[in-house]
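Everything below concerns the one structure shown next.
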Amino acid sequence: MAVTDVVSVLPATPVALPALAIVFVSVSRARPNLREAWTLLAAVATLVTVWLLIQSSVTHVMPLGSIAGVAFVLRADAAGLLFALLAATLWLVTSVYSIGYVRALDERSQTTYFAAFAASIAATMGVAFAANLLTLFVFYELLTLATYPLVVHTGSPEARDAGRTYVAYTLGGGVVALGGTVLVSVLAGSVGFAPGGIDALTTADPTLTRAAFALLVVGFGVKAAVMPLHGWLPTAMVAPTPVSGLLHAVAVVKSGVFAIGRTTLYIFGPDMTWDLGVGLPLAVAAAITMVIAGVIGLRQDNLKRGLAYSTVSQLSYIALGFALATPLSVFGAFLHIVAHAFMKITLFLAAGVIAVETGEKYVSNLAGVGRRLPATMTAFAVAAAGLIGFPLVAGFVSKFHLILGAAGGPSPVFVGAYLLAGLLKLLYFWPIIYLAFFGRPGADTPESRHAFAPPHTTDVGYVNRTAWKHPPPGREASPLLLVPVLSTVGVAVALGIAPTLFPFWELAETVVVEVFG
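Here you go:
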């Protein structure tokens, strides 16, 4: 792993490549195949660059300039590399899926869609490699602007309302986080990330230091969807399915919880977080969010909305791990950033396949869909099992370490919160899986309504010529849709069986060593 800082352009390259893709995608508007080729090429190049950074024996740093004496710097440390590798990998997967999705549904404004997707990844890479709070803040806000066109992509009144809600929440959170950044700068004379925290803060006024922590956590907690700051997330589900996957699996929500990790581990540090008494309130808020979001999710019939509340709950698994700030809880939190991403994006992509192939988006209408789309629903079931915490899937490994970390924390209540949240996930996912594979369509379900119906336009805009019985059960969606689903669930299983197979494990270990010594 890296031991020495070396100035180079490499940390800027994963930011620049998606940004450059925006230009090439935009000028290829009239040539869809070329436009999509640029997207895939940029995604592959970004992934390769991040991989090269991981293989390096030094830490690459790229100064970008300064404002008012505060430097803008990119630095490829272990935490940033873990997040960047995740984002780059899933950008490639969602790019392939997006091509199949927008073509199948003949989506509007496809060039804007791919350009905004690239812009979102560029901003996410900036968040990952930010070397200080100010740099993180800038890319954090750029991420809001980049993802807004994706949230309002359909152009419907509902989408526009969701976009306004999204911007109000996230930009408001950004203003609060900026206040915390300024206060840290005043108190410590620095906003640079330092493993274990900034030493100068230990001698600062405790009340003001607590205020700085609160401002940062509340500001970043908006994108991390910690209750009651989560309201934007379920409403954003009007966006296309690949966008929902982007929002939930990596770019937006993970940027929020990643920023909370940076705050607790690299600005205040584990010891100061608990010495100031600010770790416990964050832990309590996360534990409450885990449980309440799980309960609300049980009442959702809209599949994507139910998955949204599952995300709210799962993000607080990670936030709680950072708040408890024990070596095992932090290790588990970083593992869960990765595990949740692969499992949740599988669920969203599978939901998209269901929408494309059947036009359905409600759980109550999914009886028998597992027989119509067996591979898709099997992937869905495996990913759901991972989120519940069953062995042999990535979620078991990360949750095992989170629970061990909580056991070493201040109260066994937090162990109970993890276990209860897992039970709620079981209660949510099992009826969906059972209905899909063993449910029999009734008189007013899609299979009965459309078995011999003529072609019609569904509520997602797809001209449904096959419905449920034509083609016969077992025939799956286009490979452009199915292969990404099987790929992400395959990685989730691989991470559950052999978690050290990928660099994520070693990077998470390096973070723990850096922070705790």
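Residue numbering for the sequence shown follows my numbering, starting at 39 and increasing by one per position. Every residue gets a Cβ at the ideal spot worked out from N, C-alpha and C, and that includes glycine. Keep in mind the model is a prediction, meaning the values are calculated, not measured.
Taking only the alpha-carbon atoms, compute the straight-line gap between Gly390 and Ser147 and give it to the nearest angstrom. Looking up residue 390 in the sequence shown gives position 352. Looking up residue 147 in the sequence shown gives position 109. Distance between the alpha carbons of Gly390 and Ser147: 18 angstroms.
Delimiting residues of the alpha helix (DSSP H) encompassing Met328: As a first step, residue 328 is located in the sequence shown; it is residue number 290 there, counting from the start. Residues Gly317 to Gly335.
Closest to Val521 by C-alpha separation, out of Tyr139, Pro49, Val65 and Arg113, would be which residue? On the sequence shown, position 483 is the one that residue 521 refers to. It is Tyr139.
Extent of the continuous alpha helix (DSSP H) to which His374 belongs: Walking along the sequence shown from the start, residue 374 turns up at place 336. Start and end: Pro365 to Thr396.
Starting from Ser104, follow its DSSP beta bridges and name the residues at the other end. To locate residue 104, count along the sequence shown from 1; it is residue 66. Per DSSP, Ala109.
Going by beta carbon distance, what residues of the same chain come within less than 8 angstroms of Leu216, once the five residues before and after it are set aside? The count along the sequence shown starts at 1 and reaches residue 216 at position 178. Within the same chain, Cβ atoms closer than 8 angstroms to the Cβ of Leu216 are found at Phe175 and Gly257, the five residues on either side in sequence being excluded.
Cβ atoms of Gly433 and Gly447: under 7 angstroms apart, would you say? Numbered from its first residue, the sequence shown carries residue 447 at position 409. Numbered from its first residue, the sequence shown carries residue 433 at position 395. Going by C-beta atoms, Gly447 is not nearer than 7 angstroms to Gly433.
Name the two residues that bound the continuous alpha helix (DSSP H) containing Val61. Looking up residue 61 in the sequence shown gives position 23. Counting along the chain, the alpha helix (DSSP H) containing Val61 begins and ends at Thr51 to Val65.
Local conformation of Asp309 per DSSP, three classes: One-based indexing of the sequence shown puts residue 309 at position 271. It is helical.
Determine the burial state of Ala50: buried for a count of at least 16 other Cβ atoms within 10 Å of its Cβ, exposed for fewer. Residue 50 sits at position 12 when you count from the first residue of the sequence shown. Of the residues assessed, Ala50 falls on the buried side of the cut-off, its CB having 16 or more other CB atoms within 10 angstroms.
Candidates Glu179, Gly299, Leu221 and Val281: which alpha carbon is nearest Thr192's? Along the sequence shown, read from residue 1 onward, the residue named residue 192 stands at position 154. Minimum Cα distance to Thr192 is reached at Val281.
Verify whether the separation of the beta carbon atoms of Thr384 and Ala417 is less than 7 angstroms. Looking up residue 384 in the sequence shown gives position 346. Looking up residue 417 in the sequence shown gives position 379. Yes, the Cβ-Cβ distance between Thr384 and Ala417 is below 7 angstroms.
Compute the distance between the beta-carbons of Val260 and Tyr178, then report whether it is under 7 angstroms. Within the sequence shown, numbered from 1, the residue matching residue 260 stands at position 222. Within the sequence shown, numbered from 1, the residue matching residue 178 stands at position 140. Taking 7 angstroms as the Cβ cut-off, Val260 and Tyr178 do not qualify as a contacting pair.
Sequence-distant residues of the same chain with beta carbon closer than 7 angstroms to Val550, five excluded per side: As a working mapping, residue 550 is identified with position 512 in the sequence shown. For Val550, where only same-chain residues beyond five positions count, the Cβ hits under 7 angstroms are Pro365, Val368 and Phe369.
For the beta strand (DSSP E) containing Val44, name the first residue and the last one. By 1-based counting over the sequence shown, the position of residue 44 is 6. Where Val44 is concerned, the enclosing beta strand (DSSP E) stretches over Asp43 to Val45.
Range of the contiguous alpha helix (DSSP H) that encloses Gln93: As a working note, residue 93 is residue 55 in the sequence shown. Segment Pro70 to Gln93, the alpha helix (DSSP H) holding Gln93.
Only counting the same chain, and skipping five residues up and downstream in sequence, which positions put a Cβ closer than 6 angstroms to that of Val376? By 1-based counting over the sequence shown, the position of residue 376 is 338. Leu124 and Phe542.
How about Ser133 and Leu78: are their beta carbons less than 7 angstroms apart? Locating residue 133 in the sequence shown gives position 95, where the first residue counts as 1. Locating residue 78 in the sequence shown gives position 40, where the first residue counts as 1. Yes, they are a contact pair.
Taking contact to mean 3 or more Cβ pairs, one atom from each stretch, closer than 8 angstroms, check whether the segment 398–411 and the segment 472–480 are in contact. Segments in contact, yes.
Applying the criterion that 16 or more other CB atoms from any shown protein chain within 10 Å of the CB defines a buried residue, is Thr245 buried or exposed? Position 207 of the sequence shown, counted from the first residue, corresponds to residue 245. By the neighbour-count rule (16 or more Cβ atoms within 10 Å), Thr245 is not buried but exposed.
Taking the Cβ atom as the reference point for each residue, do Leu387 and Tyr135 lie within a distance shorter than 7 angstroms? To locate residue 387, count along the sequence shown from 1; it is residue 349. To locate residue 135, count along the sequence shown from 1; it is residue 97. The answer is yes: Cβ separation under 7 angstroms.
Pairwise C-alpha distance: Val295 and Pro492: The residue given as residue 492 occupies position 454 in the sequence shown. The residue given as residue 295 occupies position 257 in the sequence shown. Confidence at Pro492 is low in this model, with a pLDDT of 38, below 50, so its placement is unreliable and the value that follows should be read with caution. Pro492 and Val295: Cα-Cα distance of roughly 47 angstroms.
CB-CB under 8 angstroms to Phe554, same chain, minus the five flanking residues each way: which ones, in chain order? By 1-based counting over the sequence shown, the position of residue 554 is 516. Excluding positions up to five away in sequence, the list reads Gly234, Pro308, Pro365 and Val368.
The segment 183–199 touching the segment 309–321, judged by at least three CB pairs closer than 8 angstroms: Under the 8 angstroms Cβ criterion, the segment 183–199 does not count as touching the segment 309–321, having fewer than three qualifying pairs.
Taking C-alpha atoms, which residue in Trp76, Thr219 and Ala331 lies nearest to Ala459? Residue numbering aside, residue 459 sits at position 421 when the sequence shown is read from its first letter. Out of Trp76, Thr219 and Ala331, Ala331 has the C-alpha closest to the C-alpha of Ala459.
Rounded distance between the beta-carbons of Tyr304 and Thr361, thought under 8 angstroms: Here residue 361 refers to the residue found at position 323 when the sequence shown is read from its first residue. Here residue 304 refers to the residue found at position 266 when the sequence shown is read from its first residue. Reading off the sequence, residue 361 comes out as Ala, not Thr. No, Ala361 and Tyr304 are not in contact; Cβ-Cβ is about 15 angstroms, not under 8 angstroms.
For Ala117, collect the residues of the same chain with a Cβ closer than 6 angstroms to its Cβ; drop the 5 residues on either side in sequence, then sort them by chain order. By one-based count along the sequence shown, residue 117 stands at place 79. The residues are Val549.
For Val264, which residues from the same chain have a beta carbon less than 7 angstroms from its beta carbon, with the 5 sequence-adjacent residues on both sides left out? Along the sequence shown, read from residue 1 onward, the residue named residue 264 stands at position 226. Once the five neighbours on either side are set aside, the close Cβ partners of Val264 are Ala323, Ala324, Thr327, Ser354 and Ala357.
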